[in-house]
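Colleague: Below are the structure tokens for one structure; questions will follow.
Residue numbers (the numbering used here): 1112 to 1400.
Structure representation (structure tokens):
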């Protein structure tokens, strides 16, 4: 008999209504190619915990913001860790997988990130700006994001509530200066290996991505964050913006279920990414077997 092939449970929400994109197309493509190497089944994130024991590993892909099913996701994490279930990406990620605290940590450590604070006492540490971005600490996919004038940031007082659109900076939100960036660019990695970069040259059409050829300095910028996250296996996306001074600043380090925008690639780069993902999964399964 031929040797048994590894069994993967591929977690995705095929009906997730992404703005300007169809996540399901990406997962249909990836699963059609991964089946060359693996026995594979798809499931919704709400079903993963109940099904995962029958598989060699769980691959979390375009599963949508976990805020929509936080209790279910927390239960999945607890059970996977307790049972030693192999999850790709591994659940040890320090970035978006663990919330937005990393933006505060990286700011404090002096990394090239959009400066971020979460307390009124620290607002003076931010560069002066006419407008500020405010977003929930427990947020994703721009849910709850607001842009407010400087005068709209208020220090909380006992019993106080925000009025007239003001925002209380009380530890539950993140505050950043509103950067007038030239463009946004994303760097995509499998394990620690760079795969490709895409950017949105038109700020009013942020979902229309085009291939971007990074410089050596660009790649070193992105690799600093990949090294910081210390994930030995998995797919990560480093999102950055080109600031007015020409430098890159981190916007987000996505290590849970980064959308890959594979439709923006030519066939050669798309094939190369799929090959890298297959090789990574084989290494991941072999390392944990």
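For each residue, glycine too, the CB sits at the ideal point set by N, CA and C.
Could you tell me the distance, in whole angstroms, from the CA atom of residue 1214 to the CA atom of residue 1116?
Modeller: Cα-Cα distance, rounded: 40 Å.
Colleague: Going by Cα to Cα distance, which pick from 1323, 1285, 1358 and 1175 is closest to residue 1232?
Modeller: Nearest C-alpha to residue 1232: 1285.
Colleague: Consult DSSP for residue 1225 and reduce its assignment to one of helix, strand or coil.
Modeller: Residue 1225: coil per DSSP, three-state reduction.
Colleague: Opposite residue 1308 in the DSSP bridges: which residues?
Modeller: DSSP output for residue 1308 lists 1298 as bridge partner(s).
Colleague: Check for me: the alpha helix (DSSP H) holding residue 1181 runs from which residue to which?
Modeller: Counting along the chain, the alpha helix (DSSP H) containing residue 1181 begins and ends at 1181-1194.
Colleague: Taking 8 Å as the cut-off, does the segment 1254-1263 touch the segment 1316-1333 (at least 3 CB pairs, one atom from each stretch)?
Modeller: No contact exists between the segment 1316-1333 and the segment 1254-1263.
Colleague: Taking only the alpha-carbon atoms, compute the straight-line gap between residue 1313 and residue 1212 and give it to the nearest angstrom.
Modeller: So the alpha carbons of these two residues sit roughly 30 Å apart.
Colleague: Check residue 1212 in the structure and name its three-state DSSP category.
Modeller: Reduced to three states, the DSSP call for residue 1212 is helix.
Colleague: Would you identify the three-state DSSP class for residue 1396, choosing helix, strand or coil?
Modeller: DSSP places residue 1396 in helix when its eight states are reduced to three.
Colleague: Between residue 1125 and the rest of its own chain, which residues show a CB-CB distance below 7 Å, the 5 nearest in sequence each way excluded?
Modeller: Cβ neighbours of residue 1125 beyond the five flanking positions: 1135 and 1138.
Colleague: What's the gap between the Cα of residue 1161 and the Cα of residue 1298?
Modeller: C-alpha separation (whole angstroms): 34 Å.
Colleague: Just to check my reading of the structure: residue 1176 and residue 1122 have Cβ atoms closer than 8 Å, yes? What is that Cβ distance to the nearest angstrom?
Modeller: That belief does not hold up - the Cβ atoms of residue 1176 and residue 1122 are roughly 14 Å apart, past 8 Å.
Colleague: Which residue's Cα is closest to the Cα of residue 1392: 1366, 1179, 1302 and 1320?
Modeller: Measuring from the Cα of residue 1392, the nearest candidate turns out to be 1302.
Colleague: For the beta strand (DSSP E) holding residue 1242, just list the boundary residues, first then last.
Modeller: From DSSP, the beta strand (DSSP E) with residue 1242 extends over 1242-1247.
Colleague: Give the straight-line distance between the Cα atoms of residue 1239 and residue 1354, rounded to the nearest whole angstrom.
Modeller: Residue 1239 and residue 1354: Cα-Cα distance of roughly 15 Å.
Colleague: Among 1192, 1345 and 1165, which residue has its Cα nearest to the Cα of residue 1389?
Modeller: It is 1345 whose Cα lies nearest to the Cα of residue 1389.
Colleague: Out of 1324, 1164 and 1210, which one is the CA nearest neighbour of residue 1181?
Modeller: Measuring from the Cα of residue 1181, the nearest candidate turns out to be 1210.
Colleague: Can you check whether the CB of residue 1364 is closer than 8 Å to the CB of residue 1340?
Modeller: Yes, the pair counts as a contact, with Cβ atoms nearer than the cut-off.
Colleague: Going by the CB atoms, is the gap between residue 1247 and residue 1287 shorter than 8 Å?
Modeller: Not a contact, by the Cβ cut-off of 8 Å.
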